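Written out below as structure tokens is the structure these notes cover.
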Amino acid sequence: MAVQLSNNVFSISVGDYGDISSLRLVGDTFNTNYVMNSSNAPKQNTADHQWLGELMFTYRIGNGAWTRAWTSNSADARKITSSGSSVQVSYQNSSNNQGIRNFTLNETYSLVNDYLHWQMKVTNTSNQTLEIGDWGLPLPFNEYWSGGNNEQIYETRVLSHSFVGHNSSFITAGRPSGIGPYLLLVPDSSTGAGLEYQDHWRVEEHPGSMWAMEQGGWSEGLNVFYIHSNVIKSTNRGYLSNTSLSLAPGESKTYAFKFYKVADEQAVKDRLYSEGHVDVTVVPGMIFPTNLKAKFDLHTSKSITSVTAQYPSETTISYLETAPTNHKIYELALGRLGHNNITVNYGNGEKTVLQFYAIEPVDAALQRHSTFMINSTQWNLPGDLRDKVFDDWMMQYKAKRNSFAGYWGWGDDWGFTHGQFLAEKNVQKPVASEIKAVDDYLEVAVWTNLMEGHHTDYLVPDFLMPQPNTTPTYRGYAYPHIYNTFFSMYKLAKLYPNLISYRNSKNTYLLRAYRIFKALYEGPVAYNWNTGLMGELTTPDIIKALQEEGLTTEANDLIAKMATKYNNFKNTTYPYGSEYNYDNTGEEAVYTLAKMNSNTTMMSKINAKTRAARGHMPVWYYYADPVTITGENWWNFQYTTSLAGYAMDDWTRRYSSKPEVDQRLSYAAKLANIGAINSGQISSDPANIGAVSWTYQAGKGNYGALGLDGGPLFNGWRGMSGEADLGLFGAIKILSSDVAVDPIFGLYGYGCDVTESGNSYTITPKDGVLQRLHLISQKLSLELNRDQYTSAIVAKSKNNVRLTLKNTTTGTAHSTILTLTGLAAGTYDVLVDGTKTGSVTAVNGSVATVRLNIGTAASYDIRIQTGSGNPTPTGDVVAHYDFNETSGSTAADLSGNGQQANVNGGSWGVGRNGNALLLNGTAAYASLPAGLVSSVNDFTIAAWVRVNTHNGWARLFDFGAGTDRYMFLAPKAEGTGMRFAITVSGNGEEQQLNAPELATGVWKHVAVTLSGNTGVMYVDGVEATRNTNMTLKPSSLGLTDRNYIGKSQFDDPYLNGAVDELIIYNRALTAQEIRSLASVSNAVAGHKKVASSYAEGAD
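The sequence shown begins at 7 in the numbering used here and counts up one residue at a time.
So, in structure tokens, the structure goes:
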């Protein structure tokens, strides 16, 4: 008969086994039972049950043999009584030879104030020394995930996180949604209790038991935590020293633990401190590279006796200061790769152990792995099915896996992700041999072999095998890996067109990416409309690329599909759909959908959920590492650690109310998957250096690696590369140098060195990517689309930025896009090596984009500084393109504002005045800088144009941000004449100027002016039409980032003709000035007269 205890915090039931069969929090958000019992886990209601509250001992008398003594074997010795707010469970003299005998055990559960006190007392009743080798606490929290819908999973089940760290150990159990409050278990420090070992039941050691992992529908299996572990240590799952307890005849020992109700992570930290433990805070995480220093805070009211390193000759520990209240702050540098214990002795003989992990510098690790991939993992067998495949590497064999027989061979989430990482890595840091290797892989292994027979339906078989390929094409999870690799290849071909001889055009790669994406949702494919897939964070970029390439129909198709998918999630209470009823896979994808639709409520849910899944404990294999249905013991550092870290990173930087605190776990997630790269700390065999490991197995043990292809463990790591590259893909998408003013540590550089000088920060990036910089406290972000920066000086007021830019493709002139988010409002000069090349305007913290003209030198000094305030030139010229170039892909801006145009597919030839831009009507156009007319109200746009043949709706110019907001001039609108139009609400709300279509084959001068509400169109200097009801102006469009000459926002034809002398003014020219520009006999003189102030200097 169960015994009930309750107060205003807890409601518990003590069952017939002396166990806690129900543990609930009074006033909880949901009626969650935090522990397993025979009702919620009936298959575990077996003779070898180990419910919470039962205990497991191994002991010996004198020098006798070790004997097991479990309370579950001691029914005949058990007595349960209750009084007031306590329940007593006692054991003595069991007749079972594996029961409690030769000593007595007294357990007491008491409700004391705001905590549940769990006390256990052992007394030696023998006449010899009693040595307790093992004192184990089975802790089966309610983590039975099989069956049930999302509401059941997220409201009735919990995730546990543990820190086994001697006296300052603690364990939490909370709902996987992150919705609090939740449960905290801490040692009662007055009893000297602590935890030193965690055992995990595997079927090899417990055959037939429903309490072993993957038995009886329980994926996780039993975890037992040990106060003493000198016998159980033989299972080889430990990280700390092991102890036993000796008791003389008649001697007793009491240990106790306390359960608390806590609101959140800060409440956990506060409780650890108030209970006399060491509350640990660390930056940048428990994994960090050898070229950076970590800091850790030992927050305790007790004195610190010593802080010592496992490898003292390769470790530097520096005490920095003690900050209020009792924050004892240290700095740590590690020289030995891999696991590093830092032991803290404190108080009266107490200790705890922090477990760090050192990796080599991130850039070196990433390049080491990339080089290893092309040297060791790619097959080069022309004509063979395996040719150009990036195969899985098996450290146990020091060889490629070589499995191509069908299901479970090469493919799926492990095989397809290798090329995905390598392609994206080269977008950031190009290496010609690696790009060629990826190009070969996509063309031969994927397009020719894997997708044979699918060049029209774009379905992707899940595995590569000889034809006929009988593996299914329905597995939606496989598709993003393939389309993302093609998309990265598109970016490579666009950014570095001359680095290699590409097998296909850039648009071929982009369209293959699009069509595979399309097949995922339109084909006979599962796991699509209602499932978040890994890698979907690229969706907005793919849509934007399609728009920029004029593939508007395709872009709109993806927009519509994502709108449908978003609607499938937006009203879902727990929007985390995956192939499992509880998982982390969908977080990054659904967060992306929510962000595309500005749904911060949904984004907040996902941020809370991903944080709840991750450990906050000061051990490297749990910290920031999400837990799945397998529990803490294995599948550590799955790809979602960094990939879903995207959601935490975005939320922290843009939306968090406490970004400096949230940044700690967020940045640790960025670094975590880099630890899977073998720099020698996983396997020291030279053949394996540079390989990666699929997962870490925190529960280690004697039976090798769990999961596909198993094999031996390598310092706890799996020998197969598997999905590790997907984690690395996620990491390089978010790795950055971040500066925060932490409430404990003060100024700290995550992934960088930072110093403060006056009102500025000086930053040296060491994040491995060197393209992103975030000021967390100031909410300022900088990002390069190519090249790298090696140092930065940034004003804390966000109004001055200086970068030293490293050219990663020296010898090739190019444009690099610098995007700044959160820049203080104002107008800024852009200087390259001290020369002003343009300007940029930041409005209300919006995104400001700068195009940097980079030549062939190795480095450039880039400055974004407050505008000089020089008088605006007469004529107010925004940009002027005379198109007198003879070669190259850029058109200079003669205004001095640095607004150069980029030419795509066009050429140079004889124009109206000198040369002109020639456009062939198929795929040739020029793109103009983002925001070029965003601050313009009254204006003039004038140009000479020669239309060869009319393509209906082809544009002379088009400024916009998609098919809802735009301003264009079409020499011939379909079925009508020439049209100028501007709208912020789509084509149904256009304000227009209409005139007869332009004649073909001859040069015509066209100009459009706006003054107030009056728009006028001129042809050859003569007014053709006017509209006095034009209320929209270019500034009404907001920031436009799709600005073109010869190309439309829509999927319209390209202009077939030539363009010369295109000038944009920040005012409406007079009719006389327009006539002067258009004068045949005085074209050049007229131009100089109107524009002399900037072309030759004002009089």
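A virtual CB, placed ideally from N, CA and C, is assigned to each residue, including glycine. Here the structure is a predicted model, which means the values were calculated and not measured.
| Item | Value |
| --- | --- |
| Outcome for Thr878 when other beta-carbon atoms lying within 10 angstroms are tallied against a minimum of 16 | Note on Thr878: pLDDT 34, under 50, position unreliable in the model; the coordinate value appears next. It counts as exposed. |
| Same chain only: Cβ atoms within 7 Å of Gly716, ignoring 5 sequence neighbours per side | Gly710 |
| Exposed unless 16 or more other CB atoms sit within 10 angstroms - verdict on Leu962 | buried |
| Ile488 beta carbon less than 8 Å from that of Val1 | Outside the modelled stretch of the chain, which goes from 7 to 1105, sits residue 1, for which no answer is possible. |
| Nearest residue (CA-CA) to Glu1, options Thr35, Lys264 and Gly198 | As shown, the chain starts at 7 and ends at 1105. That puts residue 1 outside it, with no answer to give. |
| Proximity below 8 Å, CB of Ala801 to CB of Leu829 | no |
| DSSP three-state assignment for Val633, whether helix, strand or coil | coil |
| Leu428 versus Ser376: straight-line alpha-carbon distance, rounded | 6 Å |
| Reference Glu257, options Gly927, Ala936, Arg1048 and Thr135, closest by Cα | Thr135 |
| Residue environment, Gly881, which counts as buried when at least 16 other CB atoms sit within 10 Å | With a pLDDT of only 46 at Gly881, under the threshold of 50, the placement of this residue in the model should not be trusted; the figure read from the coordinates follows. Burial call: buried. |
| Proximity to Val909 [Cα-Cα], best of Leu924, Asn919 and Gly917 | Leu924 |
| Any alpha helix (DSSP H) of 4 or more consecutive residues that is wholly inside the stretch 379-436 | 418-421 and 423-434 |
| Cβ distance (whole Å) where Leu837 is taken to contact Arg869 below 8 Å | 4 Å |
| Three-way DSSP call (helix, strand, coil) for Gly223 in this model | coil |
| Alpha carbon of Asn1000 to alpha carbon of Arg670, nearest angstrom | 58 Å |
| Test item: CB-CB of Leu526 and Gly482 under 8 Å | yes |
| Helix, strand or coil at Ala737 [DSSP, three-state] | helix |
| Straight-line Cα distance separating Thr822 from Lys772 | 21 Å |
| Rounded separation between Ala551 and Ser604 - CA only | 21 Å |
| Residue burial classification, Gln10 (beta-carbon count within 10 angstroms, cutoff 16) | exposed |
| Test item: CB-CB of Phe1182 and Leu145 under 8 Å | Residue 1182 lies beyond the stretch modelled for the chain, which goes from 7 to 1105, so this question has no answer here. |
| Local conformation of Ile285 per DSSP, three classes | Residue 285 is actually Asp in this sequence, not Ile. Residue state, collapsed to three classes: strand. |
| The stretch 246-255 contacting the stretch 597-612, beta-carbon criterion three pairs below 8 Å | no |
| Tyr1071, enclosing beta strand (DSSP E) - first and last residue | Asn1062 to Tyr1071 |
| Contact between the stretch 209-222 and the stretch 43-54 (3+ Cβ pairs under 8 Å) | yes |
| Runs of beta strand (DSSP E) lying entirely within the stretch 868-923, each at least 3 residues, in chain order | 883-887, 907-910 and 913-916 |
| Cβ-Cβ distance between Trp420 and Val395 below 8 Å | no |
| N- and C-terminal bounds of the beta strand (DSSP E) containing Gln794 | Gln794 to Ala801 |
| The stretch 663-678 contacting the stretch 742-752, beta-carbon criterion three pairs below 8 Å | yes |
| Beta-carbon proximity check, Leu391 vs Arg277, cutoff 8 Å | no |
| Minimum length 4: unbroken alpha helix (DSSP H) runs contained in the stretch 663-748 | 665-678 and 730-740 |
| Closest by C-alpha distance to Gly911, when choosing among Thr928, Asn921 and Arg918 | Thr928 |
| Length of the line joining the Cα atoms of Gln687 and Tyr588 | 32 Å |
| Contacts around Leu741, its chain only, beta-carbon distance under 6 Å, and the 5 residues preceding and following it disregarded | Lys676, Asp773, Gly774 and Val775 |
| Option nearest Tyr766 by Cα separation, candidates His622, Asp731, Lys804 and Gly757 | This sequence places Ser at residue 766; Tyr is not what is there. Answer by Cα proximity: Lys804. |
| Chain-order list of residues whose beta-carbon lies under 7 Å from that of Gln1055 (same chain, five-residue window excluded) | Thr558, Asp964, Gly966, Gly968, Thr969, Tyr972 and Arg1048 |
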